[in-house]
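First to last, the sequence lines map onto chains A and B. For the first sequence, the residue numbers in my numbering are 181 to 448. For the second sequence, the residue numbers in my numbering are 181 to 448. All C-beta atoms in this analysis are idealised placements derived from N, C-alpha and C, irrespective of residue type, glycine included. Note that the structure is predicted; figures quoted are calculated from it, not measured. Worksheet: one structure, shown below.
Protein chains: 2
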Amino acid sequence: MYFSDALKTTMANKPLILVTNDDGINAPGIRTLINIMNTLGEVVVVAPDSPQSGMGHAITLNSTLYAEQVFIDNGPQKEYSCSGTPADCVKIAIREILQRKPDLCVSGINHGSNSSINVIYSGTMSAAVEAGIEGIPAIGFSLLDYTWNANFEPSKPYIKTIVQKVLKQGLPNGIVLNVNVPNTSKKNIKGIKISRQAKANWVEEFDKRKNPQGKDYYWLSGKFVNLDSGEDTDEWALENNYISVVPVQFDLTAHHFIKELKNWNLNE
Amino acid sequence: MYFSDALKTTMANKPLILVTNDDGINAPGIRTLINIMNTLGEVVVVAPDSPQSGMGHAITLNSTLYAEQVFIDNGPQKEYSCSGTPADCVKIAIREILQRKPDLCVSGINHGSNSSINVIYSGTMSAAVEAGIEGIPAIGFSLLDYTWNANFEPSKPYIKTIVQKVLKQGLPNGIVLNVNVPNTSKKNIKGIKISRQAKANWVEEFDKRKNPQGKDYYWLSGKFVNLDSGEDTDEWALENNYISVVPVQFDLTAHHFIKELKNWNLNE
């Protein structure tokens with residue numbers, strides 16, 4: 181079967197929405213996101229066949245990729261399960277699966293935070309960034325609850341609002357949105373706050389153990405440390421029960437440092 | 181054996197330099213970088229035991245990590261081979277292997293370009309960024325030659341110059357350097373150019389094949405497309421035989437778009 185044939189259904193005037201994530205195609209977070217998107221457009225899902233958390237912007241260069249159509253629920257969406265990373269899913273969706281460039285790419289809803297420095301490690305956000313590189317408006321959604329049974333209900337109307345705005349207004353080239361939802365009840369959520377990425381890091385604690393052969397090995401774990409006392413950050417918003425929306429760019433140039441760097445006179 | 185004991189050698193006043201990469205600890209690129217660093221400080225290498233290209237900022241959350249001392253040449257450096265990603269290597273170096281915070285982290289020399297949008301997918305640069313997050317001055321070095329037998333000779337004096345400057349002047353918090361070297365002879369290199377990240381992307385071409393069981397699979401490949409005609413970009417510098425130095429930040433906030441996003445009035 182050729183994907184292109186499978187998608188030669190008329191898309192009419194509905195927006196074409198690509199949905200992906202990093203927790204895998206069966207995760208409750210993406211199932212919720214698919215349900216919301218089905219009310220807004222023609223939905224195609226291309227998502228990892230297994231969890232890919234912490235994959236950052238990894239792509240699969242040295243091994244093969246599989247992508248096959250799957251049927252998970254009775255929704256109207258088309259779904260493809262892919263053996264690759266979230267960034268791979270977006271690439272293969274655009275080049276091999278979709279008939280036309282999607283109007284929007286949404287990634288998530290991630291089980292766990294992608295606020296502050298977590299954006300760097302996030303497979304959810306790397307998928308959104310990958311779509312952004314391709315000139316597709318893109319949003320990553322995350323809920324601050326790592327559990328499989330996380331309650332995505334309170335986030336639903338906010339996700340719908342944000343997606344509708346982006347479908348209507350678009351996003352400038354080079355910018356995608358990073359949306360994080362506090363883990364609290366519907367009535368406690370105070371609204372949406374446009375924020376900046378908080379300065380924060382992880383203080384790793386490596387749990388050192390011995391394997392049955394007596395060889396040392398480690399588990400990576402750590403403690404999140406917010407180093408930023410600003411009240412305009414995503415961390416502040418989330419701690420105060422706001423949904424944070426951070427505009428994220430993938431031009432990583434520190435433009436403000438170029439002038440000083442030129443003064444280093446490296447050629448002398 | 182405890183790493184901490186192994187490193188209780190006096191560091192005197194020499195700078196402590198952490199060396200890593202994404203092509204693996206045996207790659208000629210890192211061996212060259214180690215040799216240069218041995219002339220500048222006390223060197224500890226913590227690098228992947230196998231190639232990790234395209235790993236982006238992946239970290240190992242769901243499996244175990246190994247790190248063990250290895251002896252590859254007769255140089256004065258201490259070396260540890262790690263089963264994880266480049267970002268893992270930096271984390272484990274800082275928390276488990278090194279006795280004190282290093283004065284510098286260098287990553288590379290990568291076999292292949294990490295200019296323009298490649299910085300997003302780069303394991304080499306993710307290691308530098310990881311060190312930067314920890315407040316360590318950090319530089320990623322790459323040579324525009326993907327082959328194992330790449331000629332790193334012409335890059336050597338430039339790498340030494342840049343490292344000496346950074347050791348002397350430091351780098352501001354939140355900034356690391358992305359250095360790319362053109363693949364040309366010593367006499368053709370025109371010098372160092374401070375640049376910005378060119379706007380570019382990859383147009384993927386998925387090579388679709390059938391496995392022996394008749395199932396479709398793909399190889400990811402693609403063509404690099406420079407969309408940026410600016411003469412202040414890293415791509416321009418490299419095409420004109422300059423070594424490009426781009427200051428890279430990991431605050432991904434698109435600060436210039438926050439005001440407009442607030443005008444969207446998402447709470448109404």
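Within the 7 Å Cβ cut-off, does residue i reach chain A?
{"i": "S295(B)", "result": "no"}
{"i": "N447(B)", "result": "yes"}
{"i": "G292(B)", "result": "no"}
{"i": "K258(B)", "result": "no"}
{"i": "G394(B)", "result": "no"}
{"i": "Y246(B)", "result": "yes"}
{"i": "V199(B)", "result": "no"}
Which chain B residues sit within Cβ distance under 9 Å of residue i?
{"i": "Q349(A)", "result": "W444"}
{"i": "V309(A)", "result": "I300, L432"}
Which residues of chain A have a Cβ atom closer than 8 Å to the Cβ of residue i, listed in chain order?
{"i": "S233(B)", "result": "L241, N242"}
{"i": "V299(B)", "result": "L432"}
{"i": "D268(B)", "result": "L400"}
{"i": "K336(B)", "result": "Chain A residues near K336(B): none, gap ~15 Å exceeds 8 Å."}
Comparing the C-beta of residue i with each C-beta of chain B, is any distance below 7 Å?
{"i": "I313(A)", "result": "yes"}
{"i": "I210(A)", "result": "no"}
{"i": "Y464(A)", "result": "Summary: the structure shown does not reach residue 464(A), with chain A confined to residues 181 through 448, and so no result is reported for it."}
{"i": "S184(A)", "result": "With a pLDDT of 45 at S184(A), under the threshold of 50, the modelled position of this residue cannot be trusted; read the value that follows with caution. Answer no: the Cβ-Cβ gap between S184(A) and chain B never drops below 7 Å."}
{"i": "K194(A)", "result": "no"}
{"i": "A227(A)", "result": "no"}
{"i": "L187(A)", "result": "Residue confidence is low: L187(A) scores 46 on pLDDT, short of 50, so the model does not pin down where it sits. Its coordinate-derived value is still stated next. Taking Cβ atoms only, chain B never reaches closer than 7 Å to L187(A), which makes this a no."}
{"i": "L441(A)", "result": "yes"}
To the nearest whole angstrom, what separates the beta carbons of residue i and residue j, a pair I think is in contact under 8 Å?
{"i": "A434(A)", "j": "I355(B)", "result": "5 Å"}
{"i": "N360(A)", "j": "S293(A)", "result": "6 Å"}
{"i": "G320(A)", "j": "M305(A)", "result": "4 Å"}
{"i": "P334(A)", "j": "S365(A)", "result": "6 Å"}
{"i": "V224(A)", "j": "L245(A)", "result": "No, V224(A) and L245(A) are not in contact; Cβ-Cβ is about 17 Å, not under 8 Å."}
{"i": "I274(A)", "j": "C262(A)", "result": "Not a contact, Cβ separation roughly 12 Å."}
{"i": "N391(A)", "j": "Y398(A)", "result": "The Cβ separation is near 11 Å, so there is no contact."}
{"i": "A307(B)", "j": "A267(B)", "result": "6 Å"}
{"i": "G303(B)", "j": "T265(B)", "result": "6 Å"}
{"i": "P352(A)", "j": "F437(B)", "result": "6 Å"}
{"i": "N218(A)", "j": "I252(A)", "result": "That belief does not hold up - the Cβ atoms of N218(A) and I252(A) are roughly 13 Å apart, past 8 Å."}
Taking a contact to mean a Cβ-Cβ separation below 7 Å, would you say residue i touches residue j in this structure?
{"i": "W382(A)", "j": "G402(A)", "result": "yes"}
{"i": "D203(A)", "j": "H291(A)", "result": "yes"}
{"i": "F332(B)", "j": "I289(B)", "result": "yes"}
{"i": "I369(B)", "j": "N421(B)", "result": "yes"}
{"i": "G221(A)", "j": "K258(A)", "result": "no"}
{"i": "V426(B)", "j": "D414(B)", "result": "yes"}
{"i": "D431(A)", "j": "Q232(B)", "result": "no"}
{"i": "V226(A)", "j": "V286(A)", "result": "no"}
{"i": "L241(A)", "j": "G234(B)", "result": "yes"}
{"i": "I372(B)", "j": "K442(A)", "result": "no"}
{"i": "N358(B)", "j": "V250(B)", "result": "no"}
{"i": "H237(A)", "j": "Y301(B)", "result": "yes"}
{"i": "W363(A)", "j": "L324(A)", "result": "Reading off the sequence shown, one finds Asn at residue 363(A), where the question assumed Trp. A contact, by the Cβ cut-off of 7 Å."}
{"i": "P160(B)", "j": "L284(B)", "result": "Residue 160(B) is absent from the structure shown; chain B starts at 181 and stops at 448."}
{"i": "A311(B)", "j": "V343(B)", "result": "no"}
{"i": "K340(A)", "j": "I214(A)", "result": "no"}
{"i": "L347(B)", "j": "K379(B)", "result": "no"}
{"i": "K345(A)", "j": "W444(B)", "result": "yes"}
Identify the contact partners of residue i in chain A, using a Cβ-Cβ distance below 7 Å as the criterion.
{"i": "F437(B)", "result": "P352, I355, P427"}
{"i": "A238(B)", "result": "G234, M235, G236, A238"}
Please list, in chain order, the chain A residues whose beta carbon lies closer than 9 Å to that of residue i.
{"i": "S365(B)", "result": "Simply none; closest approach about 18 Å."}
Give the residues of chain B in contact with residue i, contact being defined as C-beta atoms less than 7 Å apart.
{"i": "I342(A)", "result": "L446"}
{"i": "S306(A)", "result": "G236"}
With respect to 6 Å, is the separation between the Cβ of residue i and the closest non-hydrogen atom of the ligand FMN below this value?
{"i": "P392(B)", "result": "Only the bare structure without any ligand can be found here, which leaves the ligand FMN out of the picture."}
Any beta carbon from chain D within less than 7 Å of residue i's own beta carbon?
{"i": "G410(B)", "result": "In the displayed structure, chain D is absent; the protein chains listed are A and B."}
Between the stretch 367-391 of chain A and chain B, which residues of the former have CB atoms less than 7 Å from a CB of the latter, in chain order?
G371, I372, I374, R376, Q377, N381, E384, F386
Taking any Cβ of chain A, which residues in the stretch 273-290 of chain B have a Cβ under 9 Å from it, in chain order?
I274, R275, E276
Using a Cβ cut-off of 7 Å, which residues of the stretch 397-412 of chain A contact any Cβ in chain B, in chain order?
Y397, Y398, W399, L400
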